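Number of protein chains: 2
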Amino acid sequence: MQDERRLAVLRAIVEDYVSTQEPVGSKALVERHGLGVSPATVRNDMAALEEEGLITQPHTSAGRIPTDKGYRLFVDRLTTIKPMTTAERRAIATILDGAVDLDDVVQRSVRLLAQLTHQVAIVQYPSLSRSTVRHVELVLLTPTRLLVILILGSGRVEQRLVDLDVAVGDDDVAALRGRLAAAITGRTIPEAAIELAAAVPPPDVAGVHAAVADVLLEALSDHRSSERVAVGGAANLARFGDSFEVSVRPLLEALEEHVVLLKLLGEAQGGGMVTVRIGHEGPYQEFASTSVVSTGYGPGDAAIGNLGVVGPTRMDYPGTMAAVRAVARYVSRILDEA
Amino acid sequence: MQDERRLAVLRAIVEDYVSTQEPVGSKALVERHGLGVSPATVRNDMAALEEEGLITQPHTSAGRIPTDKGYRLFVDRLTTIKPMTTAERRAIATILDGAVDLDDVVQRSVRLLAQLTHQVAIVQYPSLSRSTVRHVELVLLTPTRLLVILILGSGRVEQRLVDLDVAVGDDDVAALRGRLAAAITGRTIPEAAIELAAAVPPPDVAGVHAAVADVLLEALSDHRSSERVAVGGAANLARFGDSFEVSVRPLLEALEEHVVLLKLLGEAQGGGMVTVRIGHEGPYQEFASTSVVSTGYGPGDAAIGNLGVVGPTRMDYPGTMAAVRAVARYVSRILDEA
DNA sequence: GCTTGGCACTCCGGGACGGCGAGTGCCAGC
DNA sequence: GCTGGCACTCGCCGTCCCGGAGTGCCAAGC
Numbered sequence: 408m409q410d411e412r413r414l415a416v417l418r419a420i421v422e423d424y425v426s427t428q429e430p431v432g433s434k435a436l437v438e439r440h441g442l443g444v445s446p447a448t449v450r451n452d453m454a455a456l457e458e459e460g461l462i463t464q465p466h467t468s469a470g471r472i473p474t475d476k477g478y479r480l481f482v483d484r485l486t487t488i489k490p491m492t493t494a495e496r497r498a499i500a501t502i503l504d505g506a507v508d509l510d511d512v513v514q515r516s517v518r519l520l521a522q523l524t525h526q527v528a529i530v531q532y533p534s535l536s537r538s539t540v541r542h543v544e545l546v547l548l549t550p551t552r553l554l555v556i557l558i559l560g561s562g563r564v565e566q567r568l569v570d571l572d573v574a575v576g577d578d579d580v581a582a583l584r585g586r587l588a589a590a591i592t593g594r595t596i597p598e599a600a601i602e603l604a605a606a607v608p609p610p611d612v613a614g615v616h617a618a619v620a621d622v623l624l625e626a627l628s629d630h631r632s633s634e635r636v637a638v639g640g641a642a643n644l645a646r647f648g649d650s651f652e653v654s655v656r657p658l659l660e661a662l663e664e665h666v667v668l669l670k671l672l673g674e675a676q677g678g679g680m681v682t683v684r685i686g687h688e689g690p691y692q693e694f695a696s697t698s699v700v701s702t703g704y705g706p707g708d709a710a711i712g713n714l715g716v717v718g719p720t721r722m723d724y725p726g727t728m729a730a731v732r733a734v735a736r737y738v739s740r741i742l743d744e745a
Numbered sequence: 408m409q410d411e412r413r414l415a416v417l418r419a420i421v422e423d424y425v426s427t428q429e430p431v432g433s434k435a436l437v438e439r440h441g442l443g444v445s446p447a448t449v450r451n452d453m454a455a456l457e458e459e460g461l462i463t464q465p466h467t468s469a470g471r472i473p474t475d476k477g478y479r480l481f482v483d484r485l486t487t488i489k490p491m492t493t494a495e496r497r498a499i500a501t502i503l504d505g506a507v508d509l510d511d512v513v514q515r516s517v518r519l520l521a522q523l524t525h526q527v528a529i530v531q532y533p534s535l536s537r538s539t540v541r542h543v544e545l546v547l548l549t550p551t552r553l554l555v556i557l558i559l560g561s562g563r564v565e566q567r568l569v570d571l572d573v574a575v576g577d578d579d580v581a582a583l584r585g586r587l588a589a590a591i592t593g594r595t596i597p598e599a600a601i602e603l604a605a606a607v608p609p610p611d612v613a614g615v616h617a618a619v620a621d622v623l624l625e626a627l628s629d630h631r632s633s634e635r636v637a638v639g640g641a642a643n644l645a646r647f648g649d650s651f652e653v654s655v656r657p658l659l660e661a662l663e664e665h666v667v668l669l670k671l672l673g674e675a676q677g678g679g680m681v682t683v684r685i686g687h688e689g690p691y692q693e694f695a696s697t698s699v700v701s702t703g704y705g706p707g708d709a710a711i712g713n714l715g716v717v718g719p720t721r722m723d724y725p726g727t728m729a730a731v732r733a734v735a736r737y738v739s740r741i742l743d744e745a
């Protein structure tokens, strides 16, 4: 009974604080929400909530603000992802349906997500290691320089330059192309790499074969070169009312470190689950006052990439989660069609 | 005589203000620079300089700061681009020589430039319209979907998806590939587009021919899709001691508007000239307190792209210009070799 | 046993005030 | 034309003070 009201108080505190960005006091609380009790009662509840570590006060005789733990409880038990309006759904569909290729899908998604959430959006390109090879093409630029072009099932096109030790001719390339295509088309990249390593090449083009296999292996294993991300909405960092140096700056720096961003997004999760990482729960202490809302996307339940937003812990979780989920769904649908 | 000293005073004011970021007074000026005259004399000179609109004071009884006009005079007549140290040159060479392909060159350049100047760096990819076609490749993804891959002399690889009205077979594609290659290899894209438009295709693949020609035309004419830029060093925006909202925010927003960035970089200029756009001289009023230092790069005197930095008007122009010029030279050299 | 009104207490924020220091403009003298 | 001197202007900063919002606690009431 009282427990229920306490949770209602917590919810009210979170909602008020998110919208006003100011510590919320007992009186304002009963006025803005119809709690049906007096401020004094709310104060007692607040004391209990503070005892449990769910809220805190910045300084004596100020209102309360939620702690990370408080947000966590709020997200887990006190709220549901609020569905998007049909107008919003339609807008998302319209914008994303206009995309002409994968690059375009990613660019539009990241912009859209930033606009919907008013936060910094991050979209990972479909992971190389989870995509199948749809087509492989070799282009001989010079006798010792080969361009390998991989076209993946997700629509992603990846190119790599290979410098060869020996000069090769067009015939060699044609032969290699045929053998490559037979070996790896339709397979995932990890499978393809194994296949290639196992294949015994004709001695005359062994060097080329090995070089190309190396490139594929590297494309798979080297996170820096194989996992790409797009970022958008950096201007929304201004919404951090917080101090520039402590909050905005590290984030601004991280936005150029794609490895960091990938780590922030976390591991892809299938099943349409939206992951919320609140403040200190994340892997970096510098981001103690930022939360990450992310989810996987991809055909069916198999996530082939992640997308999400990063913003202040003080954010509108239900709305943000809804936007992230909605965009991920539409992206999945589009990739499915392609 | 007095004129000379006045200019020396202006130079001293610019240098001091750039390094301290605070209005500089007459007394500090004679102390830090060996001007050989008394503060009172300097004050007279300052009054004259202010009369000419070269310096101004934020409020009565504060020191002076340079105006845009003052910076302009400083850049044009009071300073020379200070050459990089050999250590710096070596560092630039080492970093850029490690690049494996054009993307890598651009990424490294933008990072390098941001680090050298401690400002926001912008590097434009080699302009499509000024590059020659080295190779063209067609890949039939589905019977009605064709991937056109252009490899340009600059090393840039561009891909476009073409949706066809009619289904085509491998033979058609092979034929088209041959004709395309003959028609456009070695030509610039504008030339290639003209050539394609003029060519009379065999009637059976006329539709495909037209579609591909359209894509090439669009690649040339549509700035948004054909001109790409890379941005780096956004974290250096923190160096704007200025107010966040008025200076940093619009820039942060612009960094995602590549069209705006291209306009900021300006038209490519050959001949190794470094262009400096100071404050209000630029095309956007929002950037009244930012300057752009840019230059063209490319083999010989023919600029095929621009690069530069954008920062507060209060910046170290000689050093920044030197860094921009040095990076442009090395990028040009690398593109020349490739 | 909760809930409530009352009350004293704390502390932040903002405005007023004043001294300090940096810097200027002007003037008379060299 | 340069210089030293001098009065003046202001921004900056620390202090002080007050109002207001909010709290914690307690005693009374349902």
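The listed protein sequences correspond, in order, to chains A and F. For the first sequence, the working numbering gives the first residue as 408, with consecutive numbering after it. For the second sequence, the working numbering gives the first residue as 408, with consecutive numbering after it. Just so it is clear, CB atoms sit at the ideal spot from N, CA and C, and this is done for glycine as well. Predicted, not measured: the structure shown is a model, and the values here were computed from it.
Residue-level contact by beta carbon holds for residue 508 of chain A and chain F, with a gap shorter than 8 Å. Listed along chain A, the residues sitting closer than 8 Å to residue 656 of chain F by beta-carbon distance are 642 and 645. Residue 597 of chain A and residue 624 of chain A have their C-alpha atoms spaced approximately 8 Å apart. At a cut-off of 8 Å between beta carbons, residue 639 of chain F contacts chain A. C-alpha of residue 451 of chain F to C-alpha of residue 560 of chain F: approximately 59 Å in a straight line. Contact of residue 665 of chain F with chain A is not assigned, every C-beta pair being separated by 8 Å or more.
Residue pairing for residue 671 of chain A: DSSP places it in no beta bridge. The Cβ of residue 541 of chain F sits closer than 8 Å to at least one Cβ of chain A. Membership of residue 499 of chain A in the alpha helix (DSSP H) is indicated by the continuous run 493-504. When the five nearest sequence neighbours on each side are left out, the beta carbons in the same chain lying within less than 6 Å of the beta carbon of residue 436 of chain F are those of 419 and 449, in order along the chain. Collapsing the DSSP output to three states places residue 473 of chain F in a strand.
Residue 625 of chain F has a beta carbon lying at 8 Å or more from every beta carbon in chain A.
Using beta-carbon distances, residue 580 of chain A does not count as an interface residue toward chain F, since no partner is under 8 Å. The beta strand (DSSP E) runs of length 3 or more contained entirely in the region 568-639 of chain A are, from start to end of the chain, 636-639.
Under the three-state reduction of DSSP output, residue 542 of chain A falls in the strand class.
DSSP, read as helix, strand or coil, puts residue 529 of chain F in strand.
Contact annotation: in the region 686-710 of chain F, no residue has its CB less than 9 Å from a CB in chain A.
Here DSSP, grouped into helix, strand and coil, assigns residue 719 of chain F to strand. For residue 444 of chain A, the three-state secondary structure derived from DSSP is coil. Beta-carbon to beta-carbon, residue 655 of chain F and residue 644 of chain F are separated by about 5 Å, close enough to satisfy the 8 Å threshold. By the CB criterion at 8 Å, residue 641 of chain F and residue 530 of chain F fall outside the cutoff.
For residue 544 of chain F, the closest C-alpha among the options F/736, F/568, F/508 and F/742 is that of F/568. Among the CB atoms of chain A, none fall inside 8 Å of the CB of residue 717 of chain F.
DSSP places residue 458 of chain F in the helix class (H, G or I) of the three-state scheme.
In the DSSP assignment, residue 520 of chain F falls within the unbroken alpha helix (DSSP H) covering 509-524. Rounded to whole angstroms, the gap between the alpha carbons of residue 726 of chain A and residue 484 of chain A is 15 Å. For residue 551 of chain F, the three-state secondary structure derived from DSSP is coil. Excluding the 5 residues flanking it on each side, residue 618 of chain F has same chain C-beta neighbours closer than 7 Å at 569 and 571, in chain order. Contacts between residue 544 of chain F and chain A, judged by CB atoms closer than 8 Å, involve 544, 546 and 556 in chain order. Taking a cut-off of 8 Å on C-beta distances, the region 721-736 of chain F touches the region 516-525 of chain F, as three or more cross pairs fall below it.
DSSP places residue 437 of chain A inside the alpha helix (DSSP H), whose first and last residues are 433-439. Excluding five sequence positions before and after residue 715 of chain F, the CB atoms of its chain that fall closer than 7 Å to its own CB belong to 529, 672, 699, 700, 701, 702 and 731, given in chain order. Residue 726 of chain F sits in a helix when the DSSP states are folded into three classes. Around residue 660 of chain F, the beta-carbon contacts reaching into chain A at under 7 Å are 642. DSSP links residue 681 of chain A through a beta bridge to A/702. In this structure residue 425 of chain A touches residue 723 of chain A by the C-beta definition: roughly 6 Å separates them, less than 8 Å.
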